[in-house]
Every structure is written in C-alpha cells, then in structure tokens.
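To start, the structure under review is shown below, and the notes come after it.
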C-alpha cells in the first residue's frame, strides 16, 4: 500500500476493495445479459442501444484496469495472471469499439474480424470463477482426472472399434434407403469410418431403433436375398447387436 496520501493511495484502496470487486462482477453479469439480448433482425434502435451499452461496459472495464494500474503499479499489476487476462479483454473490447465505429459503407470491416473480437467478451465470465471456489475445485478435480479420463476414452474407442468392425461384417451389404431415417448414403456400415459415425450417433440415442430396423429387413421388395452377397439384414442378430 502506498504510504503517502494521494491519488495512488486512493486508487490502491479502491482496487483492493471488496465492494469494488463485487461491483465489477455485477457489471460482468449485466454484460452477459446484454450479450444474450442480441438477436437476429433487431431494430436499428435496439442495435444502437446494445452497442451503446457495450461501449459503456467496455469503459467500465477500462476504468477498472486504469485504477488497478494506478494503485498497484505496472509491475505488481502484471504479476497477476487475472490482471493480464483482464488487460487482454480490455484491449479486445477497445479494438472492437474502434472497428465498430469505422465499419461504414465507405470503409467496410470484415465481419469475421468483428465476430472474433466479440467472442473475447464471452471470456469475461471466467472472472466469476475467482469467487466461485466450489467451481474452481470442480475444475481442478476435472484437470487432475484427465489421465484417468484418457484411459476411459481409450477403452470406449476400443469398444467402438470392435462394434464398427462387427457391424461392417454383419450389415455392410444391407440395402440403403429402405427405412426413412435409417441406413442411407450418410449412415451405413459399408466403411469403417461411416460405421464409427453411425455408432457415435446411436450412442447419443439419435434414432438408433430406426437404424436397427433398417438392419432387420428380410426379403423383397426391401432387399434381394438371391444376390451374393445378400442385401438383406439379419433380424435376430440386429436386435442383439443394437441392444447390446
């Protein structure tokens, strides 16, 4: 803390104040609400209002950064990773505001650039983690569990691999486009890659029973059992395969 009374001491006291931090968090929450309020085909008045509110929020965050730099000093300010993160977001907000003013028919700005800069505003939500100790502990637990999760993912991939190869052998020649929403040129067991995609889709519960019924077709007109290999499915085997 600066020893002498003056603007820097006042800025320091404000920067480390719990009320100041709480007020900034409230502004972050309001900023999130305003971002959620943006929608397609908004009226010009609503778009101008949201843009003005966004500028005001950016001004608040820029003022917060200035207060912390003035109170803590540049060296102490950059020692905190959160402060460096805040500074990056403020610079992105300033660039977004400047480009927003320059975006005119006479000087058009690539919309992709503006969208990328506005995505940075979403990362302000991460600052709420500073007070959410339970959330921080949960994320730390997830981070420490990543090696074990990799083992689980390897086991799941092995299971998918076995079922994909098995599905190619059992249903690789089944006729397509027989059941609506079932096997077609996008979802089939004709190749290993497409079989994996079908299994991934079914693991989410997306119309797995329709795919199963596609693999149960027997006899004309749905398929031709006289062909070699046959384009028909296997009813009982399909039930066991998909239910398991």
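Residue numbers (the working numbering): 3 to 246.
Every residue, glycine too, gets a C-beta built ideally from N, C-alpha and C.
Computed from a prediction, not measured in an experiment: that's the story for all the values here.
Using a Cβ-Cβ cutoff of less than 7 Å, which residues in the same chain neighbour residue i once the five nearest sequence positions on both sides are dropped?
i, result
"residue 187", "178"
"residue 192", "174"
"residue 122", "91, 94"
"residue 137", "131"
"residue 100", "none"
Using three-state DSSP, classify residue i as helix, strand or coil.
i, result
"residue 78", "helix"
"residue 100", "helix"
"residue 41", "coil"
"residue 208", "coil"
"residue 189", "coil"
"residue 248", "The first residue shown for the chain is 3 and the last is 246, placing residue 248 beyond what the model contains."
"residue 230", "coil"
"residue 134", "coil"
"residue 60", "helix"
"residue 15", "helix"
"residue 178", "coil"
"residue 51", "helix"
"residue 73", "helix"
"residue 195", "helix"
"residue 85", "helix"
"residue 112", "coil"
Thinking just about the alpha-carbon of each residue, which of the options is nearest to the one in residue i?
i, options, result
"residue 233", "243, 163, 154, 216", "216"
"residue 97", "84, 243, 118, 78", "118"
"residue 83", "114, 132, 42", "132"
"residue 209", "242, 72, 16, 185", "185"
"residue 197", "223, 37, 162", "162"
"residue 218", "136, 231, 242, 202", "242"
"residue 130", "193, 87, 69", "87"
"residue 223", "62, 85, 181, 124", "181"
"residue 225", "164, 154, 176, 167", "176"
"residue 125", "102, 11, 37, 235", "37"
"residue 61", "89, 167, 166, 220", "89"
"residue 200", "138, 152, 85, 166", "166"
Could you pull out every residue in the same chain whose Cβ sits closer than 6 Å to the Cβ of residue i, ignoring the five residues on either side in sequence?
i, result
"residue 157", "none"
"residue 214", "240, 244"
"residue 140", "none"
In whole angstroms, give me the CA-to-CA distance for residue i and residue j.
i, j, result
"residue 150", "residue 49", "47 Å"
"residue 76", "residue 14", "12 Å"
"residue 67", "residue 146", "33 Å"
"residue 57", "residue 51", "10 Å"
"residue 171", "residue 148", "34 Å"
"residue 169", "residue 160", "14 Å"
"residue 16", "residue 69", "8 Å"
"residue 40", "residue 28", "19 Å"
"residue 154", "residue 189", "26 Å"
"residue 71", "residue 114", "32 Å"
"residue 74", "residue 85", "11 Å"
"residue 26", "residue 195", "49 Å"
"residue 79", "residue 18", "12 Å"
"residue 230", "residue 237", "18 Å"
"residue 23", "residue 43", "36 Å"
"residue 55", "residue 65", "15 Å"
"residue 143", "residue 11", "39 Å"
Closer than 8 Å by C-beta to residue i: which residues in its own chain qualify, once you throw out the five before and the five after it? Chain order, please.
i, result
"residue 127", "30, 34"
"residue 204", "210, 213, 244"
"residue 81", "none"
"residue 221", "227, 234"
Going by DSSP, what residue range makes up the alpha helix (DSSP H) through residue i?
i, result
"residue 170", "148-173"
"residue 244", "237-245"
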